[in-house]
Each structure stands twice: as C-alpha cells, then as structure tokens.
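Numbered by full-length UniProt numbering, the letters in the sequence shown go through residues 1 to 299 in order. All C-beta atoms in this analysis are idealised placements derived from N, C-alpha and C, irrespective of residue type, glycine included.
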Amino acid sequence: MSSLRVMQLATILVHVAIGVCVGYALEAQKPLSRMGAGIPQSTYADLTRFAKYSSAAYQALCPRPLGNTLVEEFRNVLTSTAGYVARDDQRREIVVAFRGSQQLEDFLIDGGLVQVLYQSPGVQPNTTDVVMAHAGFLLAYNSVYSTVLDAIGTQLKQHKNYSIVSTGHSLGGALASLGGLSIKSNFPMANVRLYTFGQPRTGNAAYADLVQQVVGSENIYRAVHTYDGVPTMVPEELDYRHHEREFWQFEEPPEPATVIQCEGQEDPTCSDSIPTTGINVAHPFYFGQIMSLDATLCL
C-alpha cells in the first residue's frame with residue numbers, strides 16, 4: 001500500500017474515532033428543542049420505506065428488496081460502486097438504490113475533496129453557472145450510469161407511467177443525488193423523486209441549484225439524523241453546498257413529531273447548526289433502521 005493511501009486511511013480512522021467520541025458526548029446532552037416541528041405521517045412513512053431500500057443496498061445478495069422484484073444489480077469493481085434496481089408493482093415504482101461506504105475503496109473516494117466540472121451523459125445543464133461536483137462521487141456514479149439507465153429504460157417500456165425513486169445512504173446518498181439528476185435528464189417525462197440519508201455535500205451551489213431545477217425541490221427528501229456528521233463533513237468553505245429539501249430528525253425517538261422540514265439549501269437552524277463530527281454513532285441509524293445490517297429487507 002502506498003504512503004498516500006496509508007495517510008488517507010489513517011486520516012479516515014482518526015475522523016471515525018473523533019466522531020464516535022464526540023457523538024457520545026452529544027448524545028448525552030439534552031434533546032434539541034424545536035418549536036412547530038413535525039411532518040405528515042405519509043411523508044414519514046415514505047422516508048422510513050426508502051431508508052429500508054437504502055439499507056438493503058448494503059447486502060451482498062438482495063433477491064427481493066422489501067419483498068419486491070429485483071430488476072438488476074449493478075457493480076463496478078474499479079470504483080467499488082454497487083446497488084440495485086427494483087420494481088414495486090403495488091406502488092408502481094422503480095427504485096434505484098445505491099450502496100453506501102462499505103469497503104476501503106469507498107472511503108478513499110470519500111476522502112478526497114477535489115471538485116471537477118460536472119459532466120454526465122444525457123445531462124445538459126441549462127445554466128450559465130459553472131456546475132462542479134465532487135470528483136470521486138462523480139467518477140463513481142458515471143462508472144455505473146449506463147447499467148442504471150438501461151435498466152430503467154427497459155422497465156419504463158414494459159411498465160408505463162411507473163414513477164422512479166433514486167435513494168441511498170452516506171456515499172450512496174451522494175450517488176443517489178447524482179443519479180436523480182441523471183435519471184430525470186434522460187427520462188424527462190418520468191416522475192422522479194430523490195430520497196437520501198446522511199448524504200454528504202456533493203457539489204457546488206450551481207450543482208445544488210441544478211438538481212433542484214431538474215428534479216424539482218418538491219421531489220427531493222434529504223434526511224439527516226440528529227447530529228450525524230457526514231452531511232456537514234464536506235465543508236461549505238471549499239465551495240460545496242447542499243440542495244434542498246432537508247428533513248431533519250432533531251431528537252429521539254424517530255417519529256413524525258421529531259422531524260422538521262427545513263428551509264432552503266443550508267438552513268442554519270437545522271443540522272447545519274451542529275459542528276460536524278464526521279462519521280459518528282448517529283450516522284448508521286435512520287428512521288428505525290440500522291443501515292446495512294438487516295438482511296430480512298432482501299427477502
């Protein structure tokens with residue numbers, strides 16, 4: 001292993017250790033007080049359901065995601081990008097779920113903060129602003145885009161008027177964001193929604209604006225669990241910015257009354273108000289799910 005990789009891995013492990021220690025300290029504090037909080041039960045149910053799809057993406061084998069039809073599994077060994085496409089005939093949905101960080105290669109991709117010009121097949125930004133994205137995240141998504149789009153195209157021919165959902169946790173959330181933009185651009189007549197959990201900042205302000213413009217802010221659900229440090233780990237100071245709409249679970253237990261819909265891209269009264277602690281004990285838990293551990297989600 002090269003000295004650069006050793007240094008990157010050491011940095012990651014330090015962030016994890018610090019995040020866990022600070023996370024336990026934050027957990028011991030009094031609950032975060034909010035006024036006028038709460039989201040509809042239907043919104044909460046959808047967040048819970050897609051958290052399960054995102055969790056299922058971590059499984060090595062997932063023959064029936066949430067009991068539904070597995071359409072396609074995708075994996076790129078060079079970028080370690082993986083996930084699946086599933087179909088829910090009862091809800092008339094096609095679900096694309098991206099796996100989060102699980103292997104060393106994923107963490108090394110996560111570790112870089114370099115931005116590159118956003119380019120993805122089929123996406124033509126209708127803006128004069130320069131759209132930039134995290135180099136590693138963009139490389140990871142573009143390594144599987146053709147498999148994802150081909151699977152969706154085949155399904156839409158056979159199942160007209162099905163909606164499409166792009167979802168993922170952690171690194172998978174960043175890929176789902178890129179995926180949602182790509183899918184809607186390539187299938188503009190489709191109803192596309194985006195659900196992410198613990199998503200790190202994925203691009204600059206122009207990227208955030210583009211996602212909102214193409215996917216539609218009303219179709220974006222970016223969930224953050226209490227003091228999860230991953231959403232704020234990629235700093236705004238390096239010209240990164242979240243897109244709307246954040247749904248912040250501000251205290252335990254997970255229920256509609258403890259989740260608030262935040263305002264704008266970086267609401268200073270929501271998760272952005274808490275100093276980042278990186279990958280901490282809040283990061284693996286979303287809406288009652290311990291992300292990656294429940295194999296029954298695939299049966």
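If you draw a straight line from the alpha carbon of residue i to that of residue j, how long is it in whole angstroms?
| i | j | result |
| --- | --- | --- |
| Arg201 | Arg92 | 30 Å |
| Asn280 | Gln158 | 43 Å |
| Ser170 | Lys160 | 31 Å |
| Gly153 | Ile260 | 35 Å |
| Asp294 | Asp129 | 42 Å |
| Ser182 | Val116 | 17 Å |
| Val224 | Met291 | 13 Å |
| Ser146 | Phe74 | 10 Å |
| Val96 | Phe187 | 14 Å |
| Leu47 | Tyr286 | 9 Å |
| Thr43 | Ile220 | 12 Å |
| Phe247 | Gln199 | 12 Å |
| Pro254 | Pro40 | 13 Å |
| Ala205 | Asp88 | 34 Å |
| Gln155 | Glu252 | 39 Å |
| Leu149 | Ile94 | 12 Å |
| Gly264 | Ser185 | 23 Å |
| Gln212 | Val192 | 12 Å |
Pull up the CB-CB distance for residue i and residue j, whole angstroms please, since I reckon it's below 8 Å.
| i | j | result |
| --- | --- | --- |
| Leu194 | Thr127 | Not quite, the Cβ-Cβ distance comes to about 19 Å (not below 8 Å), so this is no contact. |
| Leu78 | Ser143 | 7 Å |
| Leu61 | Cys262 | At roughly 36 Å, the Cβ-Cβ gap does not stay under 8 Å, so Leu61 and Cys262 are not in contact. |
| Leu138 | Tyr118 | 7 Å |
| Ala86 | Tyr207 | Contact doesn't hold; Cβ gap of about 27 Å is too wide. |
| Gly203 | Val131 | 7 Å |
Is the separation between the beta-carbon of residue i and that of residue j shorter than 8 Å?
| i | j | result |
| --- | --- | --- |
| Val234 | His283 | no |
| Thr196 | Arg222 | yes |
| Phe50 | Val215 | no |
| Tyr141 | Leu178 | yes |
| Pro256 | Gly100 | no |
| Leu175 | Thr69 | no |
| Thr167 | Tyr227 | no |
| Ala135 | Phe98 | no |
| Tyr84 | Glu72 | yes |
| Glu266 | Glu218 | no |
| Ala249 | Ser55 | The amino acid occupying residue 249 in the given sequence is Gln; Ala does not appear at that position. For Gln249 and Ser55, no; Cβs fall outside 8 Å. |
Relative to the ligand SAH, is the shortest distance from any of its heavy atoms to the C-beta of residue i smaller than 7 Å?
| i | result |
| --- | --- |
| Leu299 | Annotation note on the ligand SAH: not contained in the displayed structure, which lists no ligands. |
Helix, strand or coil: which one does DSSP assign to residue i?
| i | result |
| --- | --- |
| Ala25 | Note that Ala25 scores a pLDDT of 43, beneath 50, so its modelled location is shaky; the value from the coordinates is reported in the next line. If DSSP states are grouped into helix, strand and coil, Ala25 belongs with the helices. |
| Gln115 | strand |
| Val234 | coil |
| Asn280 | coil |
| Gly229 | strand |
| Leu61 | coil |
| Pro31 | The pLDDT assigned to Pro31 is 43, lower than 50, so where the model puts this residue is not dependable, and the model offers no usable value. |
| Gln289 | strand |
| Val259 | strand |
| Ile164 | strand |
| Leu149 | helix |
| Ile39 | coil |
| residue 328 | Residue 328 lies beyond the residue range present for the chain, which begins at 1 and ends at 299; the question has no answer from this structure. |
| residue 300 | This structure leaves residue 300 out entirely; the chain is present only between 1 and 299. |
| Asp88 | strand |
| Ala190 | coil |
| Glu218 | helix |
| Val123 | coil |
| Gln249 | strand |
| Tyr240 | coil |
When you compare the CB of residue i with every CB in chain B, is at least one pair closer than 8 Å?
| i | result |
| --- | --- |
| Phe287 | Among the chains of the structure shown, chain B does not appear; only one protein chain is present. |
Is there contact here, the region 264 to 278 with the region 239 to 255, by at least three beta-carbon pairs under 8 Å?
Yes, since at least three Cβ pairs between the region 264 to 278 and the region 239 to 255 fall closer than 8 Å, the two stretches touch.
Cβ pair count under 8 Å reaching 3, the region 61 to 77 against the region 114 to 134
The region 114 to 134 and the region 61 to 77 do not touch, with fewer than three beta-carbon pairs separated by less than 8 Å.
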